[in-house]
Amino acid sequence: MFDSLSEKLGGILDRLTRRGALSEADVDAAMREVRRALLEADVALDVAREFVDNVRKQAIGATVVKSVTPGQMVVKIVHDQLVATLGGDAQNSGNAIDLHAAPPVAIMMVGLQGSGKTTTTAKLAKRLTERQKKKVLMASLDVRRPAAMEQLAVLGRETGIDTLPVVAGQQPPQIARRALDAGRLGGYDVVLLDTAGRTTLDDEMMNEAAEVKRSANPHEVLLVADSLTGQDAVNLARSFNERVGLTGIVLTRVDGDGRGGAALSMRAVTQKPIKLIGTGEKMDALEEFDPARIAGRILG
Ligand code: GDP
Numbered sequence: 070m071f072d073s074l075s076e077k078l079g080g081i082l083d084r085l086t087r088r089g090a091l092s093e094a095d096v097d098a099a100m101r102e103v104r105r106a107l108l109e110a111d112v113a114l115d116v117a118r119e120f121v122d123n124v125r126k127q128a129i130g131a132t133v134v135k136s137v138t139p140g141q142m143v144v145k146i147v148h149d150q151l152v153a154t155l156g157g158d159a160q161n162s163g164n165a166i167d168l169h170a171a172p173p174v175a176i177m178m179v180g181l182q183g184s185g186k187t188t189t190t191a192k193l194a195k196r197l198t199e200r201q202k203k204k205v206l207m208a209s210l211d212v213r214r215p216a217a218m219e220q221l222a223v224l225g226r227e228t229g230i231d232t233l234p235v236v237a238g239q240q241p242p243q244i245a246r247r248a249l250d251a252g253r254l255g256g257y258d259v260v261l262l263d264t265a266g267r268t269t270l271d272d273e274m275m276n277e278a279a280e281v282k283r284s285a286n287p288h289e290v291l292l293v294a295d296s297l298t299g300q301d302a303v304n305l306a307r308s309f310n311e312r313v314g315l316t317g318i319v320l321t322r323v324d325g326d327g328r329g330g331a332a333l334s335m336r337a338v339t340q341k342p343i344k345l346i347g348t349g350e351k352m353d354a355l356e357e358f359d360p361a362r363i364a365g366r367i368l369g
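Just so we're aligned: the sequence shown equals residues 70 to 369 in the numbering used here.
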């Protein structure tokens, strides 16, 4: 991800750095190029516009014009603006999964079918078990696709994480309550609820997710979104946030050749942090989202 954006921004900033003195017109011309590069990387229009406006405001005027190395100053401003757009300082931007609630802490996973939701549920369960020594129970709420329930059970066996036994005929909110009861009785710290996705954004999925949320009152509602889908992932995040209410986002397939727009737009569009990124199919391919590291990667 970010390869093409990284190459373009690198080129634009390199030319600026080599110039010596910078006029306002030089900065303006460079910012037009930056804006184009962001749009080509699928960054949402408003987000690209605000990004460039912010950089321009800081770059023009005393600091840059009087600086001995104005180009480098602009590079630093672009870097800092990238970090801010991606969510700021990881330690202070609420990126960690919040487990500060009475156990069992319910975490609800939502998203489209195929986005990596079930895989991410198991990855997260494994991570919380291994790194934070939590006792985790996973439950599939996908009553429409028995294969999805079986997939979670298989991943549970593979990772050694408990899954809620399937009881035929129950609806998602009922299953969620049963999972929380089992969590309470079994002394679990965390209960992960893997809700049913659909292939496209539809009302039925949203209503079902909203109903599960009301019934389970989860501490976290995490949207799992495929970074390869670019703008669609951003629209999805906006809808889920409005209709269901999110606490954070997990971006999957960051190991793929997505253009990066989703990562750059989601925080700005939803005001919700990207908390984790999926970086592969393996069960340990889940990383914390660190804005400074990603900004560093984009600027090479
Ligand atoms: P769901 O329908 O949303 O539950 O999606 P699944 O969890 O079944 O995932 C669909 C496919 O995407 C599976 O083959 C996963 O192994 C794969 N997958 C999930 N997350 C990632 C990721 O971060 N990177 C890569 N490369 N593949 C992923």
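Positions of the beta carbon are idealized from the N, C-alpha and C atoms, including for glycine.
Check: How would you label H288, buried or exposed, when you count the other beta carbons within 10 angstroms and need 16 or more for buried?; Outcome: buried
Check: Three or more C-beta pairs closer than 8 angstroms, one from the segment 84–102 and one from the segment 301–320: is that the case here?; Outcome: no
Check: Any chance you could list the alpha helix (DSSP H) runs of at least 4 consecutive residues sitting entirely within the segment 105–178, in chain order?; Outcome: 114–128, 131–135 and 139–155
Check: Run through DSSP, which three-state label would G80 get?; Outcome: helix
Check: Considering Cα atoms alone, identify which of L254, F309, V137 and Q239 is closest to E273.; Outcome: F309
Check: Below 9 angstroms between beta carbons: does that hold for A302 and A331?; Outcome: yes
Check: Considering only heavy atoms of ligand 2, does any lie closer than 8 angstroms to the CB of Q300?; Outcome: Questions concerning ligand 2 fall outside what the structure shown contains, since the ligands it does hold are ligand 1.
Check: Measure the alpha-carbon distance for T154 versus S334 and round it to whole angstroms.; Outcome: 8 angstroms
Check: Who are the Cβ neighbours of Q220 in its own chain at under 7 angstroms, not counting the five residues just before and after it?; Outcome: T187
Check: Which of the three DSSP states is assigned to K186 in this structure?; Outcome: helix
Check: Taking all protein chains shown into account, do 16 or more other C-beta atoms lie within 10 angstroms of the C-beta of A117, making it buried, or fewer, making it exposed?; Outcome: buried
Check: Measuring only the C-alpha atoms, how far is I166 from M178?; Outcome: 12 angstroms
Check: Let me check understanding here. Comparing Cα to Cα, which of L108, E102, A208 and G89 lies closest to R328?; Outcome: L108
Check: Three or more C-beta pairs closer than 8 angstroms, one from the segment 201–213 and one from the segment 255–272: is that the case here?; Outcome: yes
Check: Under 9 angstroms between the Cβ atoms of V17 and A248?; Outcome: Only positions 70 to 369 of the chain appear in this structure, which leaves residue 17 out of reach.
Check: Taking its Cβ as the centre, do 16 or more other Cβ atoms sit within 10 Å of E76, making it buried, or is it exposed?; Outcome: exposed
Check: Pick helix, strand or coil for K195, following the three-state DSSP scheme.; Outcome: helix
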